[in-house]
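The structure appears right after this line, and notes come after that.
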Amino acid sequence: MLEHFREQKTLLTNAVEQLITLAEAGGNRFAVDLLTESLARVASETFTLVVMGEFKRGKSTLINALVGTRILPTAIVPLTAIPTFIRHGPEPQATVVFLDGRSVKVPVGAIVQYVTEKENPRNIKKVREVEVIYPAPFLAEGIILVDTPGVGSAYTHNTEAAYGYLPRADAALFVISVDAPLGKGELDYLRDVRHHVHKLIFVLNKIDIVSPHDLAEALDFTRRMLQEQLQTQDILLVPLSARLALEGKEQNDAERLKTSRMTELENLINDLIRRQKGALIISATASRALRILNELELGLELWRRGMEDSLEELERKIAAFEAELAHLEQEREDSIYLLYREVDKLAARVAEDMEAFEHRVFPQLAGQLEDFIEDNYPRHSVKETAGLAQDYIKKIILGVLEEQREREKEIMQQEFARVARRFFKRIEDIVDRLMAASAEIFQVEVHKTAYKDYILGDRYFYFHFYEHPTFIPAFEELTVASLLPKALLKKHILTKTRASLAELLNRNCGRVRADLVESLKEKVRQVAGELRLRSDAVAFSLKNALQKALEEKKASVAEQEKSRAKCEEEKQKLSILRQNLEGLLKLEND
Numbered sequence: 001m002l003e004h005f006r007e008q009k010t011l012l013t014n015a016v017e018q019l020i021t022l023a024e025a026g027g028n029r030f031a032v033d034l035l036t037e038s039l040a041r042v043a044s045e046t047f048t049l050v051v052m053g054e055f056k057r058g059k060s061t062l063i064n065a066l067v068g069t070r071i072l073p074t075a076i077v078p079l080t081a082i083p084t085f086i087r088h089g090p091e092p093q094a095t096v097v098f099l100d101g102r103s104v105k106v107p108v109g110a111i112v113q114y115v116t117e118k119e120n121p122r123n124i125k126k127v128r129e130v131e132v133i134y135p136a137p138f139l140a141e142g143i144i145l146v147d148t149p150g151v152g153s154a155y156t157h158n159t160e161a162a163y164g165y166l167p168r169a170d171a172a173l174f175v176i177s178v179d180a181p182l183g184k185g186e187l188d189y190l191r192d193v194r195h196h197v198h199k200l201i202f203v204l205n206k207i208d209i210v211s212p213h214d215l216a217e218a219l220d221f222t223r224r225m226l227q228e229q230l231q232t233q234d235i236l237l238v239p240l241s242a243r244l245a246l247e248g249k250e251q252n253d254a255e256r257l258k259t260s261r262m263t264e265l266e267n268l269i270n271d272l273i274r275r276q277k278g279a280l281i282i283s284a285t286a287s288r289a290l291r292i293l294n295e296l297e298l299g300l301e302l303w304r305r306g307m308e309d310s311l312e313e314l315e316r317k318i319a320a321f322e323a324e325l326a327h328l329e330q331e332r333e334d335s336i337y338l339l340y341r342e343v344d345k346l347a348a349r350v351a352e353d354m355e356a357f358e359h360r361v362f363p364q365l366a367g368q369l370e371d372f373i374e375d376n377y378p379r380h381s382v383k384e385t386a387g388l389a390q391d392y393i394k395k396i397i398l399g400v401l402e403e404q405r406e407r408e409k410e411i412m413q414q415e416f417a418r419v420a421r422r423f424f425k426r427i428e429d430i431v432d433r434l435m436a437a438s439a440e441i442f443q444v445e446v447h448k449t450a451y452k453d454y455i456l457g458d459r460y461f462y463f464h465f466y467e468h469p470t471f472i473p474a475f476e477e478l479t480v481a482s483l484l485p486k487a488l489l490k491k492h493i494l495t496k497t498r499a500s501l502a503e504l505l506n507r508n509c510g511r512v513r514a515d516l517v518e519s520l521k522e523k524v525r526q527v528a529g530e531l532r533l534r535s536d537a538v539a540f541s542l543k544n545a546l547q548k549a550l551e552e553k554k555a556s557v558a559e560q561e562k563s564r565a566k567c568e569e570e571k572q573k574l575s576i577l578r579q580n581l582e583g584l585l586k587l588e589n590d
């Protein structure tokens, strides 16, 4: 599984590690930091594969089959109630994340207590999601599997949770069952899914329960239905038995695994990752490594030419180089200043969006709260009604804020990525101009490698529900107020709880806004640091080479010959690395 991507990633890692060694030998800590960060980004990059579909189509069994063991619980009744993430790690473990931001670690076998409708009915335990770490080979290259609650079950909160995870998917497996025709709920869900997911793969599950003839008919019917409903001929539909695949892997039964047709799905996922995110990771990192390699080579050429010039001529050229460098470094700082101003605009947009959201949603929530109190007041005491209203307000605010936060986070990530790419390109243009100016001053040739948008990586925007201590009127106050007529008491509760709703909504909208803005500011600080590091790497490489030439011109002939031999040895090593990196780029571009 993923052999091609793994091989390419290994070749890339080896080449960049050798380049780091050469940069370290030359004392270029800036290039070392850049290349090391690039390797870390390659290692941490993920591919999120969301498994979705109507309830009881075998989603959890399919995930178990991909992982190769029974991680997720399965049963006859609609089961999965909570989104579950499965990622690679050295030791099996699980973390339960609650709606209030708390998290607890539990054994993997214990997640059934949190993710199933039976053990956690209607999510009474207030779980947001569960993350499972497992050392499965399928996950080793950064794949994250997401098991979503089944759409279309009797539990509407399951459907809402499943929809909430659509924007997180790089690709989605939509599971259909051979024993049940596509229903209206599935088709409606599909029409929504296609607008949020980059790539959809349809899995026709449970093929082991039908004859070959019936399977052929089911495949034909399903394909035609999907093409008609989605208005496209480009349908990826894979027949599969998740049950047989899981049993085949557990029992090391090659025949059963072959019959399951799981290999077809795994190959499709492999190809998808390699062509999409895998290709981006390889080509972007190889491109950056090549550009740094060009700079190291240019440094060697400047040293060689400097050794040939007279001392007076070399000093003149160094002065011209430093003047050009000072000009371009000022241009870099101007660019970084403009980057910060662009992010300030994004932060202002967040504030405007959250203010508009608060004004828009408050009347809706206030109406829901009033209906809730009207319904509960006749059946409960004043204290009980107040307590129930307290919990209800938290629930409805958290619900709308979670949705708004995800929407705003996605917008901010896209906008920030757009801005950052523009400024990365601007800095790379400055680097190219510095290299071109250096080559012209010293009359040497320089290799050119096309710039490619670099990977920014993922950043999660956090939000924890914030409850003000004066959330609900004190019980003592309500006890005194209970001497009032019942009709006035209800009005009193409505007034107090509406005020509390307004206060808590305002505070939590402010919390979401502050978290998003702080995340943006943290991100821009990281990017600004990387932009400076990028230009410092090339500046150091060239300045260091010229300084070495200036010093070594005063050395003995024997020492100069020794330095020339070392220079030729480094050039040979860089030449081999160039072939390797250019070969990777060619493979990814073909």
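Number 10 in UniProt numbering belongs to position 10 of the sequence shown; there are no gaps in the numbering.
We put the beta carbon where it would ideally sit given N, CA and C, even for glycine.
Just so you know, these numbers come straight off a predicted model, no measurement behind them.
N-terminal and C-terminal residue of the alpha helix (DSSP H) that residue i is part of
i	result
L246	A242 to E250
Y392	V382 to F442
N294	A279 to E308
Q229	P212 to L230
T48	It is not in any alpha helix (DSSP H) - T48 instead sits in the beta strand (DSSP E) that spans F47 to G53.
I269	M262 to I273
S44	R29 to S44
T61	K59 to V67
V446	From DSSP, V446 is part of no alpha helix (DSSP H); its letter is neither H nor E.
Q233	No alpha helix (DSSP H) contains Q233, which DSSP labels as neither H nor E.
C-alpha distance - residue i paired with residue j, whole-angstrom precision
i	j	result
D220	L204	11 Å
Q330	C567	32 Å
V97	K126	9 Å
S177	K206	6 Å
E503	D429	50 Å
I493	L401	24 Å
K586	R564	32 Å
T259	D253	10 Å
A347	Q526	16 Å
E324	M354	46 Å
L215	R407	40 Å
P363	I373	15 Å
T222	L268	19 Å
A555	E295	25 Å
R498	K491	10 Å
V32	S500	54 Å
E559	L584	38 Å
Nearest residue (CA-CA) to residue i, options the options
i	options	result
A366	Y392, A347 and G387	Y392
K553	K448, L311 and R405	L311
F423	Y340, E445 and V361	Y340
R256	R243, L268 and E264	R243
T46	R405, P137, H88 and V444	H88
E333	P378, G529 and Q18	G529
S211	K184, I124 and S241	S241
E370	Q390, F5 and R360	Q390
M225	Q251, D234, A216 and L182	L182
I143	Y337, G109, R6 and T232	R6
H359	Y134, K395, G510 and I427	G510
G262	A326, L272, G248 and D271	It should be pointed out that residue 262 corresponds to Met in this sequence rather than to Gly. Ranking the options by Cα distance to M262, first place goes to G248.
residue 592	A289, I111 and G101	With the chain covering 1 to 590 only, the question about residue 592 has no answer from this structure.
C-beta contact flag for residue i and residue j at 8 Å
i	j	result
F85	E131	yes
L577	Q18	yes
G306	L574	no
I82	V115	yes
K59	D170	no
N120	Q113	yes
E342	V419	yes
V446	L542	no
A437	L12	no
E570	L300	yes
Q229	L173	no
S535	V431	yes
F442	K317	yes
Extent of the continuous beta strand (DSSP E) to which residue i belongs
i	result
I176	A171 to S177
V343	Per DSSP, V343 belongs to no beta strand (DSSP E); it is in the alpha helix (DSSP H), L311 to N376.
L145	I143 to D147
A94	Q93 to F98
F202	L200 to N205
V104	S103 to V106
V127	V127 to Y134
R87	T84 to H88
Nearest-angstrom beta carbon gap, residue j and residue i [assumed within contact, 8 Å]
i	j	result
L145	I63	5 Å
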